[in-house]
Amino acid sequence: MSVIEIKNLTKKFEIDGNTVVALNNINLNIEKGDIFGIIGMSGAGKSTLVRSINYLEKPSEGSVYVDGVNLGKLSEKELRKTRSNIGMIFQNFHLLEQKNVIDNICFPLEIRGVKRADAKRRAKELLELVKLEEKEKAFPSQLSGGQKQRVAIARALATNPEILLCDEATSALDPQTTASILELIKNINETLGITVVIITHQMSVVTTVCKRVAIIDGGNLVEEGLVETIFEHPRTDAAKELISGKKISYTPMKELIADRRIRIVFKENTAYEPVIANVILKVQAPINILKADTKDIGGRAVGEMILGLPDDVEKQEAIITELKNARLIVTEVDYNE
Amino acid sequence: MNEKVVEMIIQGIGETLYMTMGSVIIGYILGLPLGILLYVTGKKGLKPNPIVYRTLDFIINIIRSIPFLILLILLIPFTRFVVGQSYGSTATIVPLVICAAPYIARVVESSLMEVDAGVIEAARSMGASNFQIITKVLLVEARTSLMMGFTITTGLLLGYSAMSGTVGGGGLGDIAVRYGYYRWQTDIMLITVILLIIIFQIIQNIGTKISNKFDHRKR
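So the protein sequences, as listed, match chains A and B.
Residues in the first sequence are numbered from 28 upward in steps of one, following this note's numbering.
Residues in the second sequence are numbered from -7 upward in steps of one, following this note's numbering.
Okay, here's the thing in structure tokens:
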């Protein structure tokens, strides 16, 4: 059963008398125990979408079901109770600056009315889980960004939630810290079975931890599926841009002149074979490697290359045939990309 | 300087402290909830309510735009109604409170506005009610700023209590006016001024120390 079901969700904002559609008719199911990525450029509406899941943003139309319960039908009090079963972490951590680490972690329990001693015991367990036992009495201002996010994760888990929402949780962190936080999230998902929803604008975050991904562009859900499928066959421009990193590839693509360009995606074992070299030797024509990148998707090496082919049409076809024979996925790259 | 003058000054210090602390405390009893209400009903508050906000805003601005000395005189009938007389230090507390409450409300409102909206959102995501957000998030996170506001208000009311001396309000200000202004005894006036400066410094230093001690935002 889907733990989160979003049905025909539309969110409109009134800004200075103008109606802005932040989300347009979104349908999305997130399965229990999944790590689900929602990716999009900034302003795409992904933050609004994640806030709809715990009803911090109430949809203008459509509905959100958590564990089969329609959040729109709940009273304010019931809604608060449901919210306390959904943990959330943020880009800027949002810890209480005037409370120390342990009191921050106890905070959601305090709101629930849990006894102080019980809350403290639970908080200590969580400090162990996020490996910050020695920081119990420290204040947020004394912690690094990564440590703050660990505290925020412990706080989000205090109430034993079934769902953890991560709103750009690693965007304020350096790459190494990001990796360790993602590792922790993955670990939590595996050991506690918590469903995780990750909002990000970084494809690397999605490829590192997510199983499934939805791509949001201009308030629309444009693509959804397994991470590897979307990485191998991006159908929409939004997906392609997110995979290639628009800023890096957009302008250079045009400058990298070749008559015909193709994108190849390496799967599993092919990533370890000298495929390009083999093809060059066989066809006896030069291939220009315009761009290359390898990513680790769930422990699998998946590589992507943009190749410039020689002018001779026959040789172009020969190269493409050889590449396909080597079990690579070949797609054309047009000049507008 | 004879014993009588010393006694009078000591009594003046007592009255000044009585008026200042009395008006600050009662002022906060009225002003703190009012400030919270302003914040809550404000545009970016927990429960925006333009009608309540604008009404409060209007009343507060009117009271705050009346100079204290004039308020003191305007309120004489009201003061007489409340405490039975319009002179002396207890009577002075009435206009001081009326003057302080709207000021305190504004100070409280601006302190609460400093609290990061993200922290409030985080609390909401945990299922906190608005009341819990006020008591457990806003007042806790803003406490340094609230204490600084308290200190500033106390200093302001110390000055105003002295001003009330011109109309027989008691305290050091009263002594300064009666002896220094009407009787040309500059020495007594100087002493009261120095004493006021010392009291002010003590209040300000204690206030700053306490609010820094409770501030965990900096290393």
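Positions of the beta carbon are idealized from the N, C-alpha and C atoms, including for glycine.
Check your understanding: For residue 105/B and chain A, any beta-carbon pair shorter than 8 Å?
Key -> Not an interface residue.
Point to revise | Buried/exposed call for residue 173/B, threshold 16 Cβ in 10 Å | key: Residue 173/B is exposed by the Cβ-count criterion.
Practice item. State the DSSP-derived secondary structure class of residue 294/A, mapped to helix, strand or coil. Key: Looking at residue 294/A - three-state DSSP - the assignment turns out to be coil, as it is neither helix nor strand.
**Study point:** Closer than 8 Å at the beta carbon, the chain B residues around residue 123/A
**Key:** In chain order: 111, 129, 132 and 133.
Point to revise | Amino acids of chain A, ordered along the chain, whose beta-carbon sits closer than 9 Å to that of residue 179/B | key: None at all; the shortest Cβ gap to chain A is about 48 Å.
Check your understanding: Which class does residue 278/A belong to by DSSP, given the choice of helix, strand or coil?
Key -> Low per-residue confidence applies at residue 278/A: pLDDT is 43, beneath 50, and the placement is therefore not dependable enough to give any value.
Exercise for review: Kindly list the residues whose CB is nearer than 8 Å to the CB of residue 69/A, restricted to its own chain and excluding five residues on each side of it in sequence; keep chain order.
Suggested key: The answer, listed in chain order, is 228.
Point to revise | chain B residues whose Cβ lies nearer than 9 Å to that of residue 117/A | key: Here the neighbours are 110, 113, 114 and 117.
Check your understanding: How would you label residue 129/B, buried or exposed, when you count the other beta carbons within 10 angstroms and need 16 or more for buried?
Key -> With a threshold of 16 other beta carbon atoms within 10 Å, residue 129/B meets it and is buried.
**Study point:** Same chain, Cβ closer than 6 Å to residue 209/A, five either side skipped, listed in chain order
**Key:** The residues are 235 and 236.
Point to revise | Short Cβ contact (8 Å threshold) for residue 110/B with residue 146/B | key: For residue 110/B and residue 146/B, no; Cβs fall outside 8 Å.
Practice item. Drop a sphere of 10 angstroms on the beta-carbon of residue 101/B, count the other beta-carbons inside from all chains shown, and report buried for 16 or more, exposed for fewer. Key: Buried is the call here.
Check your understanding: Using DSSP with H/G/I as helix, E/B as strand and the rest coil, what is residue 186/A?
Key -> The three-state secondary structure of residue 186/A, taken from DSSP, is coil.
Practice item. Can you give me the start and stop residues for the beta strand (DSSP E) that residue 358/A sits inside? Key: Here the beta strand (DSSP E) through residue 358/A covers 356 to 360.
**Study point:** Cβ separation of residue 184/A and residue 153/A, assumed to be a contact under 8 Å, to the nearest whole Å
**Key:** The Cβ separation is near 6 Å, so the contact holds.
Review point. Name the DSSP bridge partner or partners of residue 40/A?
Key: Its beta-bridge partners are 47/A.
Review point. Cα-Cα, which of 42/A, 63/A, 48/A and 97/A is closest to residue 226/A?
Key: Sorting 42/A, 63/A, 48/A and 97/A by C-alpha distance to the C-alpha of residue 226/A places 63/A at the top.
Practice item. Pick out whichever of 24/B, 73/B, 108/B and 63/B has its Cα sitting closest to the Cα of residue 99/B. Key: Sorting 24/B, 73/B, 108/B and 63/B by C-alpha distance to the C-alpha of residue 99/B places 24/B at the top.
Check your understanding: Per DSSP, what kind of secondary structure is residue 222/A in: helix, strand or coil?
Key -> Residue 222/A falls in the strand class under three-state DSSP.
Practice item. Output yes if chain A places a C-beta closer than 8 Å to the C-beta of residue 15/B; else output no. Key: By this cut-off, residue 15/B is not an interface position.
Review point. Taking Cβ positions only, does residue 108/A come closer than 8 Å to chain B?
Key: It does; some Cβ of chain B falls within 8 Å.
Practice item. Give a single yes or no on whether residue 190/B has its beta carbon closer than 7 Å to a heavy atom of the ligand ADP. Key: Questions concerning the ligand ADP fall outside what the structure shown contains, since it holds no ligand whatsoever.
Check your understanding: Hey, would you say residue 310/A sits closer than 8 Å to residue 349/A, going by beta carbons?
Key -> In this structure, the beta-carbon distance from residue 310/A to residue 349/A falls below 8 Å.
Practice item. Tell me whether residue 165/A sits in a helix, a strand or coil according to DSSP, three-state version. Key: Coil, per DSSP.
Point to revise | residue 5/A - containing alpha helix (DSSP H), residue span | key: It is not possible to answer for residue 5/A, since the shown part of chain A is limited to 28 through 364.
Check your understanding: How many angstroms separate the CA atom of residue 94/A from the CA atom of residue 104/B?
Key -> Using only the alpha carbons, I get a separation of about 36 Å.
**Study point:** For residue 92/A: DSSP bridge partner residues
**Key:** For residue 92/A, which the question treats as bridged, DSSP gives the partners 32/A and 97/A.
Exercise for review: Give the single residue among 288/A, 39/A and 202/A whose Cα lies nearest to the Cα of residue 89/A.
Suggested key: The residue with the shortest Cα to Cα distance from residue 89/A is 39/A.
Review point. Below 8 Å, can you find three or more Cβ-Cβ pairs linking the segment 178 to 198 of chain A to the segment 122 to 138 of chain A?
Key: Judged by pairs of C-beta atoms under 8 Å, the segment 178 to 198 of chain A touches the segment 122 to 138 of chain A, as three or more such pairs exist.
Exercise for review: Could you work out which residue in 81/B, 94/B, 117/B and 207/B is closest to residue 51/B when comparing CA atoms only?
Suggested key: Nearest option by C-alpha distance: 94/B.
Practice item. Round the Cβ separation of residue 365/A and residue 80/A to the nearest angstrom and send it over; I've been treating them as touching at under 8 Å. Key: A question about residue 365/A goes unanswered here, because the residues of chain A that appear run from 28 up to 364.
Review point. Identify the residues that DSSP records as bridge partners of residue 240/A: which are they?
Key: Residue pairing by DSSP places residue 240/A opposite 64/A and 252/A in a beta bridge.
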